[in-house]
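J.:
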Amino acid sequence: MSPRSTFVWVSCVLTSLAVPHAIAAAAEPATAMETGIVLDRLSHEELRQWRSIARLLHASAPNGAPLYPTLRGLWEWAAESGNAIYIELSAPECVAKGIAGRFVIERVDPHGARHVGVIRLCLANIDRPHVGGAGTRADGFVRFAGLREKERYAEVLGHELAHAAYDFGSPERARMVMERVDTVSAQLLTHRAQRGNEPLDPALRQRLGERDALLEGLEAHADAIELLVWRELAKRR
Ligand SMILES: [Zn+2]
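Taking my numbering, I'd label the letters of the sequence shown as residues 3 to 239.
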């Protein structure tokens, strides 16, 4: 893969293998009405790992100013937006796909009051030196360059929070991303399961092209925010 494509795996592109989202209809657990960053899916050990990342997020200078203002701003958005954003640190797709992280929309609230999403951070993959670290990006930084363990986790978290904030910017956008990315990805998955490598029909091929164009824009946005996060993390080293 080119450096660019090596990087882009971070989240969206690999949704070509994603399972379809459950939209609204499924019964939700008793904790369904929680909002903000929701940690119910973490094991005891994962909670300990998460808290160490959160400590970094909340680090402040002696005058009280956040050390990492972009990350802190994204965190505060997540906490106060009214949406529920679950954290997962050991999703099966981390092993299956070797990704560093991913944001997935699980439920779109047509009223925009409480969308549900999940941020998956694949800590073991981020720990591997080659993951996402290959090559200088077009905008001039090498992913994870100069960062240590927790800072690398924080950089990926910033990227995925940027996806969440953008996708949940309006109900229309959230639904559009679900329909044009995840539904089409599920259609591709179905095609491959039923018909192997037979050629795609023209309609699906067109939808995949539209999906990839949309993904490129979504990634560019998240990458731009990630660059800010990386600069702030690298500056403190
Ligand atoms: Zn991404």
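From the three backbone atoms N, C-alpha and C, an ideal C-beta is built for every residue, glycine too.
On the three-pair Cβ rule with 8 Å, is the segment 96-116 touching the segment 173-180?
T.: With a cut-off of 8 Å on Cβ pairs, the segment 96-116 is in contact with the segment 173-180, counting three or more such pairs.
J.: Around the C-beta of residue 203, are 16 or more other C-beta atoms found within 10 angstroms, so that it is buried, or is it exposed?
T.: exposed
J.: Would you be able to state if there are at least three C-beta pairs under 8 Å between the segment 145-162 and the segment 215-231?
T.: yes
J.: DSSP has residue 62 in a bridge; who is on the other side?
T.: Residue pairing by DSSP places residue 62 opposite 68 in a beta bridge.
J.: Let me make sure I understand the geometry here. Which of 148, 187, 198 and 107 has the alpha-carbon closest to that of residue 213?
T.: Nearest in C-alpha terms to residue 213, of all of 148, 187, 198 and 107, is 187.
J.: Assign residue 110 to one of three DSSP states: helix, strand, or coil.
T.: coil
J.: Output needed for residue 235: all residues of its chain with C-beta closer than 7 Å, excluding positions within five of it in sequence on either side, in chain order.
T.: 70, 149, 153, 156 and 157
J.: Could you tell me if the beta carbon of residue 167 falls within a distance shorter than 7 Å of some heavy atom in ligand 1?
T.: Residue 167 Cβ: outside cutoff for every heavy atom of ligand 1.
J.: Under the rule that 16 or more other beta-carbon atoms within 10 Å means buried, what is residue 162, buried or exposed?
T.: buried
J.: Where DSSP assigns a beta bridge to residue 104, which residues make up the other side?
T.: The partner list for residue 104 (beta bridge, DSSP) reads 122.
J.: Assuming contact is defined by CB atoms lying nearer than 8 Å, are residue 48 and residue 83 in contact in what I supplied?
T.: Not a contact, by the Cβ cut-off of 8 Å.
J.: Take residue 122 as the anchor and find which of 185, 89 and 238 has the nearest alpha-carbon.
T.: 89
J.: State yes or no: is the C-beta of residue 161 nearer than 7 Å to some heavy atom of ligand 1?
T.: Checking every heavy atom of ligand 1 against the Cβ of residue 161, one is found closer than 7 Å.
J.: Give a single yes or no on whether residue 221 has its beta carbon closer than 7 Å to a heavy atom of ligand 1.
T.: yes
J.: Closer than 6 Å by C-beta to residue 117: which residues in its own chain qualify, once you throw out the five before and the five after it? Chain order, please.
T.: 85, 110, 111, 170 and 176
J.: Is residue 224 near ligand 1, in the sense that its beta carbon is under 7 Å from a heavy atom of that ligand?
T.: yes
J.: According to DSSP, is residue 75 helix, strand or coil?
T.: Three-state DSSP puts residue 75 in a helix.
J.: Could you have a look at residue 86 and say whether DSSP puts it in helix, strand or coil?
T.: strand
J.: How big is the Cα-Cα spacing for residue 168 and residue 219?
T.: Their Cα atoms are separated by approximately 11 Å.
J.: Leaving out the 5 sequence neighbours to the left and right, which residues in its chain are closer than 7 Å to residue 164 when beta-carbon positions are compared?
T.: 76, 223, 224, 227 and 228
J.: Leaving aside the five residues before and after residue 81 along the sequence, list all residues of the same chain whose C-beta is less than 7 Å from its C-beta, in chain order.
T.: 38 and 39
J.: Look at the Cβ atom of residue 206, then the Cβ atom of residue 190, and state whether they are nearer than 8 Å.
T.: yes
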